[in-house]
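Colleague:
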């Protein structure tokens with residue numbers, strides 16, 4: 195068995211069904227591949243977090259990132275000096291650009307964020323997530339040992355009026371991106387086991403699904419959150435499918451400002467309640483970069499099984515305008 199820990203930021207989890215494991219398995223039936231992913235955003239004080247431009251937000255006070263009162267983190271000087279030298283800005287500014295370009299209102303963004311927390315809260319309290327989450331031992335900020343069995347950033351008591359009252363982070367005059375309609379700083383880990391159909395039969399294993407098609411694309415960095423649109427279209431075309439055929443779609447997007455334009459242009463907005471992120475998304479669950487893609491896949495496959503859905507699509511945007519998408523088919 196090949197065990198492949200991954201450390202590439204953001205898009206690496208989809209490599210467990212994309213360029214890395216899946217591509218290698220398509221060329222060889224010899225071994226299964228166990229792919230492991232993790233990210234610890236709460237510990238990013240320098241280095242990668244500084245380069246991220248404070249793109250991961252916490253609901254409330256925190257030591258870095260964007261604050262609920264609309265203020266900047268202590269990395270403001272680095273953000274401004276680094277991202278304003280060229281065409282690349284921080285993620286929140288790019289999402290704000292997308293919201294303006296696609297005429298996404300602040301009200302729609304806040305409602306989308308509220309839905310994410312509601313869905314995630316229901317899936318947590320009902321035990322829906324217990325089928326895919328493994329508890330871990332850790333410690334709190336005071337060093338006390340704790341056993342963590344559920345995502346901690348979900349706002350079970352989220353109220354739409356409180357989300358609507360938060361100040362814009364990047365543009366205090368006309369901005370719409372806030373700490374409330376963006377994802378939280380969070381830690382996470384995920385794992386996935388892939389192998390050829392032949393090898394699965396030899397081992398007596400029943401796969402949850404197979405990869406029907408995959409695609410990666412790129413868009414202008416100023417609208418980087420839009421990458422999933424061409425990626426999904428490309429993947430569906432490769433699979434000989436249309437978007438309306440897919441039963442479920444899980445999308446990892448940390449901002450409502452980017453999620454809604456993507457859903458609109460994929461013609462999924464009207465069927466969102468029945469088909470998209472049915473257990474909440476990154477706004478409620480967080481977006482630990484190195485973990486998210488495989489986490490999306492895990493949740494998507496469990497949802498497909500629960501709803502007896504034949505096809506599902508997982509997608510996410512990636513830094514500097516990339517987009518990735520994978521079409522899964524239950525066997």
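In the working numbering, the protein residues as written are 195 to 525. Just so you know, even glycine gets a beta-carbon here, dropped at the ideal spot from N, CA and C.
Which word fits residue 241, buried or exposed, when buried means at least 16 other C-beta atoms lie within 10 angstroms of its C-beta?
Modeller: Annotation note: pLDDT 40 at residue 241 (below 50); position unreliable, coordinate value reported separately. Answer is exposed; the Cβ neighbour count stays below 16.
Colleague: Less than 7 Å between C-beta atoms, sequence neighbours within five positions excluded: which residues of the same chain meet that for residue 459?
Modeller: Here the set comprises 423.
Colleague: Ignoring anything shorter than 3 residues or poking outside the segment 419-458, list the beta strand (DSSP E) runs there in chain order.
Modeller: Complete beta strand (DSSP E) runs here, min 3: 442-446.
Colleague: Figure out for me which residue from 478, 498 and 484 has the closest Cα to the Cα of residue 468.
Modeller: When each option's Cα is compared against that of residue 468, the closest is 498.
Colleague: Suppose contacts are defined by Cβ-Cβ distances below 8 Å. Is residue 448 in contact with residue 376 by that definition?
Modeller: Yes, they are a contact pair.
Colleague: Do residue 403 and residue 525 come within 8 Å of each other at the CB atom, strictly closer than that value?
Modeller: Yes, these two residues count as a Cβ contact at 8 Å.
Colleague: Under three-state DSSP, which class holds residue 199?
Modeller: With a pLDDT of only 46 at residue 199, under 50, the local geometry of the prediction cannot be trusted, and the value read off the model is given with reservation. It is a strand residue.
Colleague: Select from 477, 439, 417 and 464 the residue whose C-alpha is nearest the C-alpha of residue 515.
Modeller: When only C-alpha atoms are compared, the closest one is 417.
Colleague: So what does DSSP say about residue 262, is it helix, strand or coil?
Modeller: Interpretation of residue 262 is limited by its pLDDT of 48, a score under 50 that renders its predicted location unreliable; the figure taken from the coordinates is listed afterwards. The answer is coil: DSSP assigns residue 262 none of H, G, I, E or B.
Colleague: Does the segment 438-454 come into contact with the segment 475-494, if we say contact requires no fewer than three beta-carbon pairs (one atom in each stretch) closer than 8 Å?
Modeller: Verdict: yes, contact present.
Colleague: In the DSSP assignment, what residue or residues form a beta bridge with residue 511?
Modeller: DSSP lists 517 as partners of residue 511.
Colleague: Bridge partners of residue 335, per DSSP?
Modeller: None, per the DSSP bridge assignment.
Colleague: Using the rule of at least 16 other Cβ atoms within 10 Å of the residue's Cβ for burial, across every protein chain shown, is residue 370 buried or exposed?
Modeller: The residue is buried, with at least 16 neighbouring Cβ atoms inside 10 Å.
Colleague: Would residue 520 be called buried (16 or more neighbouring beta carbons within 10 Å of its own) or exposed?
Modeller: Buried, since its Cβ has 16 or more Cβ neighbours within 10 Å.
Colleague: Count the other C-beta atoms from every protein chain shown that fall within 10 angstroms of the C-beta of residue 319, then say buried if there are 16 or more, exposed otherwise.
Modeller: Exposed.
Colleague: Do residue 348 and residue 391 have their beta-carbon atoms positioned less than 8 Å apart in this structure?
Modeller: Their beta carbons are not under 8 Å apart, which means residue 391 does not touch residue 348 by this criterion.
Colleague: According to DSSP, is residue 472 helix, strand or coil?
Modeller: If DSSP states are grouped into helix, strand and coil, residue 472 belongs with coil.
Colleague: Report buried or exposed for residue 397, applying the criterion of at least 16 other Cβ atoms within 10 angstroms of its Cβ.
Modeller: Residue 397 should be labelled exposed.
Colleague: Straight-line CA distance for residue 441 to residue 504?
Modeller: Going from the Cα of residue 441 to the Cα of residue 504 covers about 7 Å.
Colleague: Rounding to the nearest angstrom, what Cα-Cα distance links residue 350 and residue 517 in this structure?
Modeller: Spanning the two alpha carbons is a distance of roughly 30 Å.
Colleague: Could you tell me the alpha carbon to alpha carbon distance between residue 457 and residue 316, rounded to whole angstroms?
Modeller: One C-alpha to the other measures close to 22 Å.
Colleague: Hey, quick one: how far does the beta strand (DSSP E) through residue 411 stretch, first residue to last?
Modeller: Note, residue 411: beta strand (DSSP E), 404-412.
Colleague: Do residue 421 and residue 488 have their beta-carbon atoms positioned less than 8 Å apart in this structure?
Modeller: For residue 488 and residue 421, no; Cβs fall outside 8 Å.
Colleague: Just checking my contact of residue 380 with residue 482 at CB under 8 Å: how many whole Å lie between their CB atoms?
Modeller: Going by Cβ atoms, the distance from residue 380 to residue 482 rounds to 5 Å, so yes, they are a contact pair.
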